[in-house]
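Enquirer: Just so we're aligned, residue 44 is where the sequence shown starts under the working numbering, counting upward by one.
For each residue, glycine too, the CB sits at the ideal point set by N, CA and C.
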Amino acid sequence: MMNIPLNDLKAQYLTIKDEIDAAMNEVILNCSFVGGKTLEAFERSFAEFCEVPYAVGVGNGTDALQLALMACGVGPGSEVITVSHTFTATAEAVVNVGARPVFVDVDDSYTMNVDQAARHITPRTKAILPVHLYGQPADMEPLIGLAKKNGLVVIEDAAQAHGARYKGKRVGSLGDAACFSFYPGKNLGAYGDGGAVVTNNQEIAQSVRMLRDHGRTQKYIHKKTGFNSRLDTLQAAILRVKLGHLEEWNKLRRTHAALYSRLLSKIPNVALPPNSPDTEHVYHLYVIRIPDRDKIQAALKSAGIQTGIHYPLPLHEQPAYAFLGYRPDDLPHTHAVASEILSLPMYSELAEDQVHHIVAALKQNLPATS
Ligand SMILES: Cc1ncc(COP(=O)(O)O)c(C=O)c1O
Numbered sequence: 044m045m046n047i048p049l050n051d052l053k054a055q056y057l058t059i060k061d062e063i064d065a066a067m068n069e070v071i072l073n074c075s076f077v078g079g080k081t082l083e084a085f086e087r088s089f090a091e092f093c094e095v096p097y098a099v100g101v102g103n104g105t106d107a108l109q110l111a112l113m114a115c116g117v118g119p120g121s122e123v124i125t126v127s128h129t130f131t132a133t134a135e136a137v138v139n140v141g142a143r144p145v146f147v148d149v150d151d152s153y154t155m156n157v158d159q160a161a162r163h164i165t166p167r168t169k170a171i172l173p174v175h176l177y178g179q180p181a182d183m184e185p186l187i188g189l190a191k192k193n194g195l196v197v198i199e200d201a202a203q204a205h206g207a208r209y210k211g212k213r214v215g216s217l218g219d220a221a222c223f224s225f226y227p228g229k230n231l232g233a234y235g236d237g238g239a240v241v242t243n244n245q246e247i248a249q250s251v252r253m254l255r256d257h258g259r260t261q262k263y264i265h266k267k268t269g270f271n272s273r274l275d276t277l278q279a280a281i282l283r284v285k286l287g288h289l290e291e292w293n294k295l296r297r298t299h300a301a302l303y304s305r306l307l308s309k310i311p312n313v314a315l316p317p318n319s320p321d322t323e324h325v326y327h328l329y330v331i332r333i334p335d336r337d338k339i340q341a342a343l344k345s346a347g348i349q350t351g352i353h354y355p356l357p358l359h360e361q362p363a364y365a366f367l368g369y370r371p372d373d374l375p376h377t378h379a380v381a382s383e384i385l386s387l388p389m390y391s392e393l394a395e396d397q398v399h400h401i402v403a404a405l406k407q408n409l410p411a412t413s
């Protein structure tokens with residue numbers, strides 16, 4: 044039996060072991076564990092990669108969202124239009140700054156439905172928070188147009204989309220601010236938690252820089268009550284090494300995705316991920332839609348193939364957000380996709396014969412069509 048995991052962090056480490064070990068040793072020998080030149084160098088490289096002037100490393104992607112919201116003036120009394128088809132952190136950050144998430148449906152690209160976003164703007168709306176889910180950029184142009192017309196800020200949740208492009212531009216450079224997670228399994232992942240806020244706006248960058256470091260403007264001078272949410276220097280050193288490989292890794296992900304899509308396109312009842320000429324998807328996850336998802340997932344597991352469901356219960360149906368008063372069918376598309384989505388193994392070191400093997404196993408277990 045060929046065992047295939049959903050992601051393989053060890054396989055990736057082994058390809059860059061010498062570089063990583065040397066970078067970690069250097070930080071440890073320098074005993075510069077918080078802040079310093081290595082962090083600054085990573086921030087500069089990541090800003091350049093995202094095609095923006097500013098990147099600020101923070102403790103994790105959730106804090107990136109929270110600090111970006113605060114820096115953009117989102118707080119109690121504000122409404123933030125976002126999606127329910129995402130990881131909980133997107134809405135958690137909104138609630139944690141005292142604002143109210145307003146959930147809208149996604150379309151077939153699994154990203155924010157623009158018409159729905161337009162319909163949910165109220166006098167209390169302060170921000171639009173689209174998610175580039177699975178590595179697929181949201182349709183940013185109309186969302187930014189909507190925001191401009193209504194005086195709103197746009198904050199991109201780019202936690203799953205390092206390096207993706209929308210109409211030629213890098214995600215992270217499109218909104219007022221963008222938030223990245225460096226959780227280990229992400230396309231650019233640390234060896235622990237990490238995150239960053241990137242922006243074209245100097246004031247937002249300065250504000251996040253201050254908030255992540257106890258509201259400090261200089262040693263022992265605290266302008267605001269902030270947070271301790273800095274990106275560890277050890278993680279910055281690891282991320283700096285990995286950033287040098289990211290373009291190549293994303294290219295490999297796209298190659299695997301193209302092979303999956305070519306093989307799967309011949310199978311009825313399998314909906315493939317979006318493939319728009321306007322966007323460059325980076326396939327953090329390769330997600331299909333199929334009937335009888337749970338049965339197929341179990342069959343693949345028995346065949347040694349690990350899959351995932353991102354995510355099985357939409358946020359508007361989660362106990363944590365019950366106070367917002369949504370019913371499951373308020374967001375019919377979100378509700379429907381949650382029971383049909385399946386994430387297939389995806390990582391740059393995946394081999395071509397493994398993709399063939401996964402598709403063959405899937406084919407074998409799909410219900411017969413009439
Ligand atoms: C879409 C999305 N937003 C936010 C986050 C939060 O990032 P972190 O886990 O680094 O706090 C994640 C990561 O899991 C995510 O997938």
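Is there contact here, the stretch 104–120 with the stretch 139–147, by at least three beta-carbon pairs under 8 Å?
Expert: Touching, per the Cβ criterion.
Enquirer: Is the closest heavy atom of ligand 1 to the C-beta of Asn103 under 8 Å?
Expert: Locating residue 103 in the sequence shown gives position 60, where the first residue counts as 1. For ligand 1, at least one heavy atom lies less than 8 Å from the Cβ of Asn103.
Enquirer: For a test of your reading of the model: does the CB of Gln261 fall under 8 Å from any non-hydrogen atom of ligand 1? Yes or no.
Expert: In the sequence shown, counting from the first residue as 1, residue 261 sits at position 218. For ligand 1, not one heavy atom lies less than 8 Å from the Cβ of Gln261.
Enquirer: Quick one, are the C-beta atoms of Val101 and Thr276 less than 9 Å apart?
Expert: Locating residue 101 in the sequence shown gives position 58, where the first residue counts as 1. Locating residue 276 in the sequence shown gives position 233, where the first residue counts as 1. Contact flag unset, no.
Enquirer: Beta carbon of Gln203: closer than 8 Å to some heavy atom of ligand 1?
Expert: For this step, residue 203 is matched to residue 160 along the sequence shown. It does: the Cβ of Gln203 is within 8 Å (strictly closer) of some heavy atom of ligand 1.
Enquirer: Ser413 to Arg296, Cα distance in whole Å?
Expert: Working through the sequence shown from its first residue, we reach residue 413 at position 370. Working through the sequence shown from its first residue, we reach residue 296 at position 253. Any answer about Ser413 is weak, because its pLDDT of 48 lies below 50 and its placement is not dependable; what the coordinates show is given next. Our two residues, Ser413 and Arg296, have alpha carbons roughly 34 Å apart in a direct line.
Enquirer: With a threshold of 6 Å on Cβ separation, who are the neighbours of Lys169 within its own chain once the five nearest residues in sequence on each side are excluded?
Expert: Counted from its first residue, the sequence shown places residue 169 at position 126. Correct list, in chain order: Val117, Ser121.
Enquirer: For a test of the three-state rule: what should DSSP assign to Asp219, helix, strand or coil?
Expert: As a working mapping, residue 219 is identified with position 176 in the sequence shown. Coil at Asp219, not helix or strand.
Enquirer: Taking DSSP as the reference, what is the three-state secondary structure of Asn15?
Expert: Examination of residue 15 is not possible in this model, given that the chain is present from 44 through 413 alone.
Enquirer: Going by the C-beta, is Lys229 closer than 8 Å to any heavy atom of ligand 1?
Expert: As a working mapping, residue 229 is identified with position 186 in the sequence shown. Yes, since a heavy atom of ligand 1 falls inside the 8 Å radius drawn around the Cβ of Lys229.
Enquirer: Considering only C-alpha positions, which residue in the set Ala221, Ala132, Thr260 is nearest to Met183?
Expert: Residue mapping note: residue 183 aligns to position 140 of the sequence shown, counting from 1. Here the closest residue by C-alpha is Ala221.
Enquirer: Taking 8 Å as the cut-off, does the CB of Leu176 come closer than this to any heavy atom belonging to ligand 1?
Expert: The residue given as residue 176 occupies position 133 in the sequence shown. Because some heavy atom of ligand 1 lies under 8 Å away, the Cβ of Leu176 counts as near it: yes.
Enquirer: Determine, using beta carbons only, whether Arg252 and Ala84 come nearer to each other than 9 Å.
Expert: The count along the sequence shown starts at 1 and reaches residue 252 at position 209. The count along the sequence shown starts at 1 and reaches residue 84 at position 41. Result no, Cβ atoms of Arg252 and Ala84 do not sit closer than 9 Å.
Enquirer: Measure how close the beta-carbons of Val241 and Cys93 come, nearest whole angstrom, since I'm counting them as under 8 Å.
Expert: Translated into positions along the sequence shown, residue 241 becomes position 198. Translated into positions along the sequence shown, residue 93 becomes position 50. With 8 Å as the limit, Val241 and Cys93 qualify as a contact, their Cβ atoms being about 5 Å apart.
Enquirer: Candidates Glu91, His359, Asn230, Ile63: which alpha carbon is nearest Glu291's?
Expert: Your numbering for residue 291 matches position 248 in the sequence shown. When each option's Cα is compared against that of Glu291, the closest is Asn230.
Enquirer: So what does Lys212 bridge to, in DSSP terms?
Expert: As a first step, residue 212 must be located in the sequence shown, where it is residue number 169. The partner list for Lys212 (beta bridge, DSSP) reads Tyr209.
Enquirer: Assess contact between the stretch 126–138 and the stretch 261–280, defined as three or more Cβ pairs (one per stretch) separated by less than 8 Å. Is contact present?
Expert: no
Enquirer: Please tell me whether, using a cut-off of 8 Å, the distance from the CB of Ala132 to the nearest non-hydrogen atom of ligand 1 is below it.
Expert: Position 89 of the sequence shown, counted from the start, is the residue given in the question as residue 132. Yes, ligand 1 has a heavy atom inside 8 Å of this Cβ.
Enquirer: Quick one: what's Ile264 bridged to in DSSP?
Expert: Here residue 264 is taken as the residue at index 221 of the sequence shown, counted from 1. DSSP, once it has assigned bridges, lists Gln261 as partnering Ile264.
Enquirer: Which stretch, first to last residue, makes up the beta strand (DSSP E) that contains Val145?
Expert: The residue you call residue 145 lines up with position 102 of the sequence shown. Val145 -> beta strand (DSSP E) spans 143–147.
Enquirer: Using three-state DSSP, classify Ser413 as helix, strand or coil.
Expert: For the purposes of this step, residue 413 is identified with residue 370 of the sequence shown, where counting begins at 1. Low per-residue confidence applies at Ser413: pLDDT is 48, beneath 50, and the placement is therefore not dependable enough to give any value.
Enquirer: In this structure, what does DSSP give as the bridge partners for Met155?
Expert: Taking the sequence shown and counting its residues from 1, one reaches residue 155 at position 112. Val149.
Enquirer: What does the alpha-carbon distance come out to for the pair Pro362 and Asn68?
Expert: Translated into the one-based positions of the sequence shown, residue 362 becomes position 319. Translated into the one-based positions of the sequence shown, residue 68 becomes position 25. If you take the alpha carbons of Pro362 and Asn68, they lie about 44 Å apart.
Enquirer: For Gln109, does the count of other Cβ atoms within 10 angstroms reach 16, so buried, or fall short, so exposed?
Expert: Taking the sequence shown and counting its residues from 1, the one referred to as residue 109 is at position 66. Gln109 is buried by the Cβ-count criterion.
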